[in-house]
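Since the structure comes first, as structure tokens, the remarks are kept for the end.
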Amino acid sequence: MLRQALAALLFAGLLCCSMSMAVGRDTIGYSETKGIFANHTMMSYDSAHGTQVEFIASTGRTYLLYPGNTVIVKGSWRLDRTEKSDVFNICFRYPSNSSNPATGNAGGDWECQIAGFYLGALREIIPGDQLGLSRGSEVPFVLSRARTNFTSLLRKLAQ
Numbered sequence: 381m382l383r384q385a386l387a388a389l390l391f392a393g394l395l396c397c398s399m400s401m402a403v404g405r406d407t408i409g410y411s412e413t414k415g416i417f418a419n420h421t422m423m424s425y426d427s428a429h430g431t432q433v434e435f436i437a438s439t440g441r442t443y444l445l446y447p448g449n450t451v452i453v454k455g456s457w458r459l460d461r462t463e464k465s466d467v468f469n470i471c472f473r474y475p476s477n478s479s480n481p482a483t484g485n486a487g488g489d490w491e492c493q494i495a496g497f498y499l500g501a502l503r504e505i506i507p508g509d510q511l512g513l514s515r516g517s518e519v520p521f522v523l524s525r526a527r528t529n530f531t532s533l534l535r536k537l538a539q
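Residue numbers (the numbering used here): 381 to 539.
And the structure:
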């Protein structure tokens with residue numbers, strides 16, 4: 381419980397600092413974005429996908445634990461400049477032999493969104509690759525679509 385509260389405070393602090401740097405916009409700049417995303421594991425949840433967990437490495441690689449998958453989806457990430465010189469998109473690309481179950485779109489192409497929007501949609505962020513997603517191709521456990529948190533997943537990993 382304490383770990384979850386501390387993680388929530390860290391996330392709120394990062395979001396607050398990032399958004400204040402964005403000076404009233406829903407975007408953040410390159411160095412702030414890279415510092416928040418690189419070498420962190422992100423958790424998101426939406427009704428179309430369920431819970432997704434992804435380690436975003438500073439090398440430009442990503443390692444996605446997707447609900448129901450028995451293998452890690454390895455991809456790439458980058459930051460792209462938009463029309464505004466201080467606004468960046470965060471972009472992800474997954475293998476061409478993968479597909480997005482929610483949209484039916486095949487992988488292989490870059491998909492981008494404003495970095496601040498992506499950050500705002502995250503449920504939790506933890507430093508490093510604590511679930512070991514970058515260490516192999518097999519998942520540490522099959523992820524359920526249900527909402528969860530890192531405390532529960534780290535417990536599951538320890539079993």
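Note that CB positions come from ideal geometry on N, CA and C, so glycine has one too.
Would you kindly report the start and end of the unbroken beta strand (DSSP E) that includes residue i?
i: Phe472; result: Phe468 to Arg473
With residue i and residue j assumed to form a contact (beta carbons below 8 Å), what rounded beta-carbon distance in angstroms separates them?
i: Leu537; j: Leu511; result: 6 Å
i: Arg461; j: Cys471; result: The pair is not a contact, with the Cβ atoms about 11 Å apart (cut-off 8 Å).
i: Phe530; j: Glu491; result: With a Cβ gap of about 25 Å, Phe530 and Glu491 do not count as contacting.
Just to confirm, is the Cβ distance from residue i to residue j under 9 Å?
i: Ala501; j: Ser424; result: yes
i: Phe468; j: Tyr410; result: yes
i: Gly448; j: Leu534; result: no
i: Thr413; j: Leu499; result: yes
i: Gly509; j: Phe435; result: Checking the sequence, you will find Asp at residue 509 rather than Gly. Yes, they are a contact pair.
i: Asp432; j: Tyr443; result: Before going on, a small fix: residue 432 reads as Gln here, not Asp. Result no, Cβ atoms of Gln432 and Tyr443 do not sit closer than 9 Å.
i: Ser465; j: Arg441; result: no
Which stretch, first to last residue, makes up the alpha helix (DSSP H) that contains residue i?
i: Thr528; result: Per DSSP, Thr528 belongs to no alpha helix (DSSP H) and is neither H nor E.
i: Phe417; result: Tyr410 to Phe417
Exercise. For the segment 419-474, list the beta strand (DSSP E) runs that are entirely contained and at least 3 residues long, ordered along the chain.
Key: Within the segment 419-474, the complete beta strand (DSSP E) runs of at least 3 residues are 420-426, 430-436, 441-445, 453-461 and 468-473.
Exercise. Mind the definition here: the segment 444-452 touches the segment 483-490 only if three or more C-beta pairs lie below 8 Å; say whether that holds.
Key: Counting C-beta pairs closer than 8 Å gives fewer than three between the segment 444-452 and the segment 483-490, which falls short of the contact rule.
Quiz item: Which residue spans inside the segment 468-519 form an unbroken alpha helix (DSSP H) run of at least 4?
Solution: Under the rule that a run must span 4 or more residues, the alpha helix (DSSP H) segments found entirely inside the segment 468-519 read 495-501.
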